[in-house]
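S.K.:
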Amino acid sequence: MSLDPALAEGFYGPPLPPPLRPSPRQPAHLAEGLRALAEAVGAEAGWLNLWGSGSPAGVAVGLPAAPRALITPEEEARLAAGGSLAYRLLEEAPTPLARFAAQQGYGGLLLLPLPARHGPAGAIGLLFRGGPPPDAQGAAAAAAVLARLFEAAPHGTDKEQHLLALEALASVPPGDLQGLAAALARSLGARMALVGRLIDAEHVEAFAVHGGEPFVYSLTGTPCADVLRGGFCEHADGVARCFPEDLFLQDWGAEAYLGRPLRARSGRVLGLLVALHDAPLPAEEAPYRQRLFEAYARRAEAELEYLNQTARLEAASRAYRLLRPAQSVEEVHRLTVEAALRETGASTANLFLYDEAHDGLELAVSLGEGVPQSPGLRLPRGQGLAWEVFDLGQTVYVPDAAQDRRAVFIAERRAPAAYLGVPLSDHTGRVHGVLSLDTAATGENFNQEDRFFVEALAEAAGAAIARLNALELARSEARRFQQLARFSARLSESPDPEAVIRHALETLLDLTGMDTGLFAALDGALTPMIWAGRYSAKLPRLAKSYPFGSGKGLMEQALVRGEIVHVTDYAEFPGALPVFLQSGLKSAAAIPLRPRGQAFGVLALGTSGRTVHLSEELRDLLAGVARQVEGVLERHAFVAELERTREEALRSLGLALEYRDLETAGHTDRVTALALRLGERLGLGEAELANLRWGAYLHDLGKLAIPDAILQKPGKLTPEEWERMKAHATLGELMARQLGFLPAPTLGVIRHHHERWDGTGYPDGLKGEAIPLLARLFALADVYDALTSARPYKQPWSREAALAEIGVQAGRQFDPEIVRVFLATFEDSSR
Numbered sequence: 008m009s010l011d012p013a014l015a016e017g018f019y020g021p022p023l024p025p026p027l028r029p030s031p032r033q034p035a036h037l038a039e040g041l042r043a044l045a046e047a048v049g050a051e052a053g054w055l056n057l058w059g060s061g062s063p064a065g066v067a068v069g070l071p072a073a074p075r076a077l078i079t080p081e082e083e084a085r086l087a088a089g090g091s092l093a094y095r096l097l098e099e100a101p102t103p104l105a106r107f108a109a110q111q112g113y114g115g116l117l118l119l120p121l122p123a124r125h126g127p128a129g130a131i132g133l134l135f136r137g138g139p140p141p142d143a144q145g146a147a148a149a150a151a152v153l154a155r156l157f158e159a160a161p162h163g164t165d166k167e168q169h170l171l172a173l174e175a176l177a178s179v180p181p182g183d184l185q186g187l188a189a190a191l192a193r194s195l196g197a198r199m200a201l202v203g204r205l206i207d208a209e210h211v212e213a214f215a216v217h218g219g220e221p222f223v224y225s226l227t228g229t230p231c232a233d234v235l236r237g238g239f240c241e242h243a244d245g246v247a248r249c250f251p252e253d254l255f256l257q258d259w260g261a262e263a264y265l266g267r268p269l270r271a272r273s274g275r276v277l278g279l280l281v282a283l284h285d286a287p288l289p290a291e292e293a294p295y296r297q298r299l300f301e302a303y304a305r306r307a308e309a310e311l312e313y314l315n316q317t318a319r320l321e322a323a324s325r326a327y328r329l330l331r332p333a334q335s336v337e338e339v340h341r342l343t344v345e346a347a348l349r350e351t352g353a354s355t356a357n358l359f360l361y362d363e364a365h366d367g368l369e370l371a372v373s374l375g376e377g378v379p380q381s382p383g384l385r386l387p388r389g390q391g392l393a394w395e396v397f398d399l400g401q402t403v404y405v406p407d408a409a410q411d412r413r414a415v416f417i418a419e420r421r422a423p424a425a426y427l428g429v430p431l432s433d434h435t436g437r438v439h440g441v442l443s444l445d446t447a448a449t450g451e452n453f454n455q456e457d458r459f460f461v462e463a464l465a466e467a468a469g470a471a472i473a474r475l476n477a478l479e480l481a482r483s484e485a486r487r488f489q490q491l492a493r494f495s496a497r498l499s500e501s502p503d504p505e506a507v508i509r510h511a512l513e514t515l516l517d518l519t520g521m522d523t524g525l526f527a528a529l530d531g532a533l534t535p536m537i538w539a540g541r542y543s544a545k546l547p548r549l550a551k552s553y554p555f556g557s558g559k560g561l562m563e564q565a566l567v568r569g570e571i572v573h574v575t576d577y578a579e580f581p582g583a584l585p586v587f588l589q590s591g592l593k594s595a596a597a598i599p600l601r602p603r604g605q606a607f608g609v610l611a612l613g614t615s616g617r618t619v620h621l622s623e624e625l626r627d628l629l630a631g632v633a634r635q636v637e638g639v640l641e642r643h644a645f646v647a648e649l650e651r652t653r654e655e656a657l658r659s660l661g662l663a664l665e666y667r668d669l670e671t672a673g674h675t676d677r678v679t680a681l682a683l684r685l686g687e688r689l690g691l692g693e694a695e696l697a698n699l700r701w702g703a704y705l706h707d708l709g710k711l712a713i714p715d716a717i718l719q720k721p722g723k724l725t726p727e728e729w730e731r732m733k734a735h736a737t738l739g740e741l742m743a744r745q746l747g748f749l750p751a752p753t754l755g756v757i758r759h760h761h762e763r764w765d766g767t768g769y770p771d772g773l774k775g776e777a778i779p780l781l782a783r784l785f786a787l788a789d790v791y792d793a794l795t796s797a798r799p800y801k802q803p804w805s806r807e808a809a810l811a812e813i814g815v816q817a818g819r820q821f822d823p824e825i826v827r828v829f830l831a832t833f834e835d836s837s838r
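When we follow my numbering, the leftmost residue of the sequence shown carries the number 8, and every step to the right adds one.
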């Protein structure tokens, strides 16, 4: 591969005078240390430049020399600030250094600062052949160890031994904490070295152990407890005698101990780094040991934090994936227990849910070896380790639950078992249950991965339940709004208040999930009127016979206060009525109806044996339904008032016509009543009867346009006067039509009540069924009243004579069928 000479000279600078002479403060094998670092991170080549006076220009591995005047001011500033730079040379080569490396065929370039006490002391460059550099964090940690080891080397320490310690640490691959423990043991000449993860405040899991097997270590009475409360700790001689309670030290015959807490960047303790010796340690090497131990601890901290983060992420991913198929809260609980049992070392898994009514933890799901299926088992407050988890709201680990008096064994047989419990929380952080695991069948311990997974599982369960609850809430809200929409539509379809109230009760029962609905009307006292939903057949009868009126009942309280009153336990309500207590009423709600601000009645809801809570949102919906019902009642009252006013006005007009026409007093009321009675016998509906009634009131309205000389003439009318008189039928219809609200059947009564069945009547000479039914009916009632009433020009006929005449006129003046019904009506009334 050809290389631009100018670029090469710019990269390497002028040739250095050989040989490279080390500084008095730097090891003679700096190049070997750099080679170990390069091999540890998989680099093909590298160099180290030291800054400052008295330092060599640098050393190189895999290159002719270390580059000098290559790093740009921007790159140098980044490194001086403690940062690192990574170039993917297949994608970018923005600086002279990057361009040179790319031209040499390298795929990646990593620049790292060489840390020192008072800031970076130089720059490390690493070149990668096949691709981009690896994770810069691991390489930076190795570089930091390299710098600390060289900086910390005391004059009295053998430099060859120091180089071996450097090479040992630098050669540990990223993520290999077992290898790190082995390197530490070899570097210090320790019998055992371990990396332990903190399980809880009292226990450490030694998972990366050189010189032994992994184990769980109890911190009480051990030097490790002192370490966790402080920093680096060294007992150079007699450590077993200093801590007689530490059986581990006694069994191993440990003489010397080194330990340091491993902390996350946040300061939180992650675990411990420990080295044990079976011989005393030289006092004069203590500073070197501490600095060396600190270097290993920093590398272990970075590795352990990364390991924990990775384990937590993997556990969370796995937990969320396992619970994703759940379609109900119950299924989440079941899948949670199954996953906890399958994915950890547990032999038993139990899920408890908090029962607020009984203040206990109720066993919802239980799986495992030799454990009875005991749904419904309840732990009273304070009994069992699960309550410790619940009350603390955090993970609890007990290495041997058989030795803990708080432990409750569901299988009723105490056996050596580790216990691991995690709280189950909702989206607000409120603890609502506990997931408990134990190893009763094996007696084994749980490891940190188990804890990470179970904690992630609990978090995933909470998220899954929150998702399902949110989905159910959205569906419930949609159903509620659909119900409200249907209810609103029904309101416009049904003007009948009773039908509206019945539909309102049905809607309220759907919205709340309650069982029984009742409307009690206020008529002096509350009177049960309408029932809905599910209820005992005897309840309406008992409620109707029970005197309401104490003023203390739930419904009366709602009326007095003008707001919804709700009780979850009716038996505890001070004003509870015996009739409802006897019916088994549990939860109840009363919703007042106050159209126009006036007490009208109460919509009451109740459950039988079930507790129902009403959220604020649901109470608002119930109040909204009540407002809609009140609107219907107000409109109905307004319409009824209008109809009453109209009725009175039409009747008054009929009475006025009666007085002007010198009719016998009471003619209007009599003929109206007779016509309505006959209409009911003929099966007319309410609307037809109303049309008939209004027509009866106004049948002679046209006589207002007839002169008094004709209308009140005592003698016989002339032909011209008669024609004028007959015009009152058409004039009356014209005048009535101008009112604008009278229906066509009413106008038909006014125009055609003088038509005859045989076609000889007026004004249109209609015949038979061509005459409107209401007009035919009224004509008969009008004639009968005229015959049986006294007039200035005649005496009243007897009832018998009038009925006989009506019968004679059947098929002539009157509809024969109506005559038949009319005569039958009088026959029935005479019996």
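C-beta: ideal position from N, C-alpha, C; glycine also.
From which residue to which residue does the alpha helix (DSSP H) around THR229 run?
M.R.: Counting along the chain, THR229 falls outside any alpha helix (DSSP H), and DSSP gives it neither H nor E.
S.K.: Using 8 Å as the threshold, is the C-beta distance between TYR264 and VAL276 below it?
M.R.: No.
S.K.: Should SER194 and LEU41 be called a contact, given that it needs their Cβ atoms to be closer than 8 Å?
M.R.: No.
S.K.: Just list the residues that DSSP pairs ILE131 with in beta bridges.
M.R.: In DSSP, ILE131 forms a bridge with LEU55, LEU119.
S.K.: So what does DSSP say about LYS551, is it helix, strand or coil?
M.R.: Three-state DSSP puts LYS551 in a helix.
S.K.: At which residues does the alpha helix (DSSP H) containing PHE107 begin and terminate?
M.R.: Run containing PHE107: 103-110, per the alpha helix (DSSP H) assignment.
S.K.: Where does ASP792 fall in DSSP's three states?
M.R.: Residue state, collapsed to three classes: helix.
S.K.: Starting from ALA259 and walking both ways along the beta strand (DSSP E), at which residues does that stretch end?
M.R.: In the sequence as presented, Ala is not what sits at residue 259; that position holds Trp. Unbroken run through TRP259 is the alpha helix (DSSP H), 254-259; no beta strand (DSSP E).
S.K.: Could you tell me which residues DSSP puts in a beta bridge with MET199?
M.R.: Looking at the DSSP assignment, MET199 forms a beta bridge with LEU283.
S.K.: With C-beta atoms as the reference, is ALA782 less than 8 Å away from GLU762?
M.R.: It is a contact, given that the beta carbons lie within the stated cut-off.
S.K.: To the nearest whole angstrom, what separates the beta carbons of LEU133 and GLY53, a pair I think is in contact under 8 Å?
M.R.: At roughly 5 Å, the Cβ-Cβ gap stays under 8 Å, so LEU133 and GLY53 are in contact.
S.K.: Is the beta carbon of PRO602 less than 8 Å from the beta carbon of LEU660?
M.R.: Against a cut-off of 8 Å, the Cβ pair of LEU660 and PRO602 comes out as no contact.
S.K.: Hey, could you find the ends of the alpha helix (DSSP H) TYR327 is sitting in?
M.R.: Residues 293-330.
S.K.: Taking only runs that begin and end inside the region 684-709, name each unbroken alpha helix (DSSP H) of 4 or more residues, in chain order.
M.R.: Taking only runs of at least 4 residues, the alpha helix (DSSP H) segments lying wholly in the region 684-709 are 693-705.
S.K.: Output the distance between the C-alpha atoms of GLN820 and GLY747, rounded to the nearest integer angstrom.
M.R.: Distance between the alpha carbons of GLN820 and GLY747 is about 31 Å.
S.K.: Quick one: grab the DSSP three-state call for ALA597.
M.R.: It is a strand residue.
S.K.: Compute the Euclidean distance between the alpha carbons of GLU462 and VAL429, then round it to the nearest angstrom.
M.R.: Their Cα atoms are separated by approximately 6 Å.
S.K.: Taking only three categories from DSSP, how would you classify LYS720?
M.R.: Note: LYS720 maps to coil in three-state DSSP.
S.K.: Going by the CB atoms, is the gap between LEU176 and ALA282 shorter than 8 Å?
M.R.: In this structure, LEU176 does not lie closer than 8 Å to ALA282 by Cβ.
S.K.: My parser needs the beta strand (DSSP E) runs of 3 or more residues fully inside the region 370-453; what are they?
M.R.: Whole beta strand (DSSP E) segments, 3+ residues: 385-387, 403-405, 426-432, 438-445.
S.K.: Would you list the one or two residues that DSSP bridges to PRO770?
M.R.: Answer is none; PRO770 lacks a bridge partner.
S.K.: Which of helix, strand or coil does DSSP assign to VAL572?
M.R.: Strand at VAL572.
S.K.: Candidates THR618, GLU654, ARG651, GLY604: which alpha carbon is nearest GLU637's?
M.R.: The residue with the shortest Cα to Cα distance from GLU637 is GLY604.
S.K.: Determine the burial state of VAL66: buried for a count of at least 16 other Cβ atoms within 10 Å of its Cβ, exposed for fewer.
M.R.: Result: buried.
S.K.: Could you check the C-alpha separation between MET536 and PHE587 for me, to the nearest Å?
M.R.: Looking at the two C-alpha atoms, the distance is approximately 16 Å.
S.K.: In the DSSP output, what is ASN357 paired with across the bridge?
M.R.: Answer by DSSP bridge pairing, in chain order: SER373, SER443.
S.K.: Where does the unbroken alpha helix (DSSP H) through HIS510 begin, and where does it stop?
M.R.: Taken as a continuous stretch (DSSP letters only), the alpha helix (DSSP H) holding HIS510 covers 504-519.
S.K.: Can you tell me whether ALA782 is helix, strand or coil according to DSSP?
M.R.: Residue state, collapsed to three classes: helix.
S.K.: Output the boundary residues of the beta strand (DSSP E) element that contains THR523.
M.R.: Unbroken beta strand (DSSP E) run through THR523: 523-530.
S.K.: For PHE829 and LEU685, what's the separation of their Cα atoms in angstroms?
M.R.: Whole-angstrom Cα-Cα distance: 6 Å.
S.K.: Please go through the same chain and pick out, in chain order, the residues whose beta-carbon is closer than 6 Å to the beta-carbon of ALA333, but skip the five residues on each side of it.
M.R.: Once the five neighbours on either side are set aside, the close Cβ partners of ALA333 are VAL339, LEU342, ALA471.
S.K.: What's the C-alpha gap between HIS210 and LEU311?
M.R.: Their Cα atoms are separated by approximately 17 Å.
S.K.: Classify VAL567 as buried or exposed, calling it buried when 16 or more other Cβ atoms lie within 10 Å of its own Cβ.
M.R.: Flag for VAL567 reads exposed.
S.K.: Considering Cα atoms alone, identify which of GLN257, GLY219, ARG204, HIS217 is closest to GLY228.
M.R.: The option with the nearest alpha carbon to GLY228 is GLN257.
S.K.: Straight-line CA distance for LEU810 to GLN745?
M.R.: Going from the Cα of LEU810 to the Cα of GLN745 covers about 37 Å.
S.K.: Counting only the same chain and skipping the five closest in sequence on each side, list residues whose C-beta sits under 7 Å from that of PRO423.
M.R.: Contacts found: ASP407, ALA409, GLY450.
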